[in-house]
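Numbering (the numbering used here), first residue to last: 1113 to 1474.
Working notes, beginning with the structure itself.
Quick look at the structure:
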C-alpha cells in the first residue's frame, strides 16, 4: 500500500513526488514512457516570470518564479545555472507591455548590452530538465508502465489491478485522460528544443521569438512551445523534425546572428495548457453525481465549489503550458498542503472552476 500514487512523471508529477518524499511518505510514480520522457524533457527549463501588464496568470507566475528560484537553489544547486535573463520586445505593442511591466515590477532590473529594442533584464536561471526530474524522485518507487485501470474500492485506489494507494495524483499532461470528465479539456501544445554548436558566444538567457540559452562549452539551446496544431495522438503524419529545426533557427536569427551552426540534438514533446491559461491543481469534481444534486443552482454568477461532489482522495496537477518548471514546485507545495493539512486552494486554480462553467451552459 502506497501513501500516494502519482501518474505522470513530468515536472509536475516529479515535483509532487518530491514534496511527499520530504514528508517520509511511501510514493509510487508511474509513467508509460519514463521520467521526463515527454514535454518536460524537451523543455528549455527557463526559470523566468511572465512579462505582461497585469492579470491573475502574471501574478501567479511571479509568485511561483520567486519561490522556485529559491527552491531549486536550495535543494538542487548542482542542477541550476544562474543567468541574466534578457527579454526583448518583438514589436511596438510588446515594447509597450515591457515598459508597463518595468514600471510595476518589484524585481531588480539589470542593464544589458542592448540599444535597439525595448527590453527587461533580471536575475534568473535555467535548470537541467531531465536530471532535475530524476533527482526529485529519488526515493520513490518508479515503474515505466501505462495506466489502464483506476478503481476506487473499499477506501483505496487500485491501479492496473496491481498497486494500491490511499491517495492518487493525476499529472498526465495533455494526453487522453484516465477519467472521462467532460469539463476537463486541455490544450496540447507541441514543444521542440535543439542544442546547437556555434562559434557565437551568448552571455544571456534570451527570450524573444524563441528562447535561447547562454553558451556553455560552445553549445546553446534554442526552444519554443510553438506548434498548437500538432498532437501525437491525433496527427496523421509524424512530426517533421527538419521543418521544426528550420523554424527555430529562423526565429533565433531574428534575435542574434549565429555563426557556424551545427544542430547536435533534438528534444520534442507535448505540453499541456488550459483554456483560461491558468493551471489546474486540486480535487476533481464528480460531474454525474454533482449534476443530480437538486439543491445546487448552477446558473449563478459565483458558484460555491464546496457544494460539489468530488472523487475521493484524488487530485490533479496540470495545465502549466510553457511555464512548467516555474510553476511545478510552487503548485506541488500547494497540493501537498491541501492533501495533508486540508489547506484551502485558491478558486483561481482548482479544476472545479471548469465544471462550474460547463454545468452553467447545460
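Here a beta-carbon is modelled for each residue, glycine too, at the ideal position from N, C-alpha and C.
Keep in mind that this is a model prediction, so the values were computed, not measured.
Limits of the alpha helix (DSSP H) - the one that residue i falls within
i	result
residue 1174	1168–1187
residue 1465	1464–1473
residue 1394	Unbroken run through residue 1394 is the beta strand (DSSP E), 1392–1397; no alpha helix (DSSP H).
residue 1300	Element bounds for residue 1300: not the alpha helix (DSSP H) but the beta strand (DSSP E), 1298–1309.
residue 1123	1123–1134
residue 1213	1204–1216
residue 1242	1241–1248
residue 1154	1151–1154
Residue interval of the beta strand (DSSP E) (run including residue i)
i	result
residue 1374	1374–1386
residue 1365	First-last for residue 1365: 1353–1365, but that is the alpha helix (DSSP H), not the beta strand (DSSP E).
residue 1422	1422–1430
residue 1451	From DSSP, residue 1451 is part of no beta strand (DSSP E) but of the alpha helix (DSSP H) over 1436–1453.
residue 1264	1262–1265
residue 1320	It is not in any beta strand (DSSP E) - residue 1320 carries neither H nor E in the DSSP assignment.
residue 1410	No beta strand (DSSP E) contains residue 1410, which DSSP labels as neither H nor E.
residue 1199	1192–1200
residue 1276	1275–1282
residue 1114	1114–1119
residue 1105	The shown model of the chain, from 1113 to 1474, leaves out residue 1105, and the question about it has no answer.
residue 1329	From DSSP, residue 1329 is part of no beta strand (DSSP E); its letter is neither H nor E.
residue 1143	1139–1143
residue 1270	1268–1271
Short Cβ contact (9 Å threshold) for residue i with residue j
i	j	result
residue 1439	residue 1286	no
residue 1387	residue 1321	no
residue 1308	residue 1332	yes
residue 1295	residue 1463	yes
residue 1429	residue 1127	yes
residue 1301	residue 1385	yes
residue 1154	residue 1304	yes
residue 1550	residue 1233	This structure does not reach residue 1550, given that the chain is present from 1113 up to 1474, and the question cannot be answered.
residue 1471	residue 1418	no
residue 1423	residue 1184	no
residue 1357	residue 1378	yes
residue 1336	residue 1244	no
residue 1123	residue 1247	no
residue 1262	residue 1431	no
residue 1270	residue 1259	no
Same chain only: Cβ atoms within 8 Å of residue i, ignoring 5 sequence neighbours per side
i	result
residue 1176	1435, 1438, 1439, 1441, 1442 and 1443
residue 1369	1312
residue 1268	1113, 1276, 1277 and 1278
residue 1231	1198, 1199, 1200, 1201, 1210 and 1224
residue 1371	1310, 1311 and 1312
residue 1222	1196, 1233, 1234 and 1235
residue 1366	1320 and 1321
residue 1290	1119, 1259, 1262, 1282 and 1284
residue 1266	none
residue 1407	1419
Integer Cβ distance of residue i from residue j, believed to fall under 8 Å
i	j	result
residue 1391	residue 1461	6 Å
residue 1139	residue 1129	5 Å
residue 1426	residue 1280	5 Å
residue 1192	residue 1317	The Cβ separation is near 12 Å, so there is no contact.
residue 1236	residue 1323	Not a contact, Cβ separation roughly 11 Å.
residue 1142	residue 1249	With a Cβ gap of about 11 Å, residue 1142 and residue 1249 do not count as contacting.
residue 1334	residue 1376	That pair is no contact at about 12 Å.
residue 1069	residue 1402	With the chain represented from 1113 up to 1474, any question about residue 1069 goes unanswered, as that position is not in the structure.
residue 1415	residue 1364	About 45 Å; that fails the 8 Å criterion.
residue 1136	residue 1116	Rounded, the Cβ-Cβ distance is 12 Å, inconsistent with contact.
residue 1360	residue 1373	11 Å between Cβ atoms; not a contact.
Own chain partners of residue i with C-beta closer than 6 Å, once the 5 adjacent residues on each side are dropped
i	result
residue 1475	Nothing can be reported for residue 1475: it is not among the residues displayed for the chain, which extend from 1113 to 1474.
residue 1170	1162 and 1164
residue 1125	1118 and 1283
residue 1449	1455
residue 1253	1140
residue 1063	The requested residue 1063 is not part of the displayed model; the chain covers only 1113 to 1474.
7 Å Cβ shell around residue i - same chain, five flanking residues per side excluded
i	result
residue 1446	1393 and 1457
residue 1212	1165
residue 1353	1378
residue 1133	1139, 1251 and 1252
residue 1459	1417 and 1465
residue 1345	1287 and 1288
residue 1411	1472
Minimum Cβ-Cβ distance from residue i to chain B less than 9 Å
i	result
residue 1247	Here there is only one protein chain, and chain B is not present.
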